[in-house]
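Reading the sequence shown from the start, the letters are residues 2 to 147 in the working numbering.
Virtual Cβ for every residue (Gly too), placed ideally from N, Cα, C.
Bear in mind the structure is a predicted one, so any value in this text is a computation, not a measurement.
I have placed the structure first, in the form of structure tokens, so that the comments after it can refer back to it.
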Amino acid sequence: MSSTREEFWGFGSYVVIGDTRGKRAFPKLTYQNLKKLGKTVYAVDPGHADLGGDTVYADIAALPALPEAAVLEVPKDQTAAWVQKVADAGITNLWIHQQTDTPEALRLAQERGLRTEHGTCAVMYVRQGFSGHSFHRWIMKLSKQF
């Protein structure tokens with residue numbers, strides 16, 4: 002039986018949102034694993050991360066098409082503002098990466114009717130095959146935290 006966290010990765014298109022203007026790296030693992038799954042994936046980073054020649058957009062409004070889902074991995078103090086941007090764009094499925102959610106961001110997502118996953122690492126679910134991330138997912142299943 003699959004969980005809502007596993008089902009989140011069943012969409013055809015995603016935007017992965019990061020911000021490299023600070024000390025954070027762009028969430029390349031999520032981005033690259035979605036590409037490996039054959040998904041249409043857009044990268045948004047106001048700091049314009051280098052993704053090996055892939056186009057990186059400064060904001061959701063610049064995307065050539067509206068994706069079905071968004072993955073946020075931005076500094077915690079930016080999460081609520083990005084939740085607002087995701088909702089305003091019309092994206093209704095959202096993953097907020099672990100330790101970047103805030104009560105304000107979660108409240109806003111609920112008020113805007115977004116289907117939201119949070120509290121864990123996105124890569125635990127999107128990455129296929131065996132890895133340290135898949136081992137963590139297995140542990141969470143055993144402990145019913147899935």
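Looking from the CA of Arg-113, the closest CA among Ser-14, Leu-73, Ala-88 belongs to Ala-88. Gln-85 is a Cβ neighbour of Leu-109, given a cutoff of 9 Å.
In the structure shown, Leu-35 falls within a helical segment according to DSSP collapsed to helix, strand and coil.
Its chain contains Gln-99 as the residues whose beta carbon lies nearer than 6 Å to that of Cys-122, once the 5 sequence neighbours on both sides are disregarded; these appear in chain order. Counting the other Cβ atoms within 10 Å of the Cβ of Ala-26 gives fewer than 16, which makes it exposed. Minimum Cα-Cα distance from Gly-13 among the listed residues Leu-30, Ala-70, Leu-107, Thr-103 corresponds to Ala-70.
Under DSSP, Gly-19 forms a beta bridge with Glu-74. When rounded, the separation of the alpha-carbon atoms in Asp-51 and Ala-90 is 24 Å. Note that the C-beta distance between Glu-74 and Val-17 is below 9 Å. Take the alpha-carbon of Leu-107 and the one of Val-72: they are about 14 Å apart. With contacts defined as CB atoms closer than 9 Å, Glu-118 and Trp-96 qualify as a contacting pair. Shown here for Lys-40: same chain residues with a beta carbon closer than 7 Å to its own, the five before and five after excluded, namely Gly-13, Ser-14, Tyr-15 in chain order.
Pairing Tyr-58 with Ser-4, the inter-Cα distance amounts to about 31 Å. Leu-95 has Ala-71, Thr-117 as its beta-bridge partners, per DSSP. In this structure, DSSP gives Thr-103 a state outside helix and strand, which the three-state scheme calls coil.
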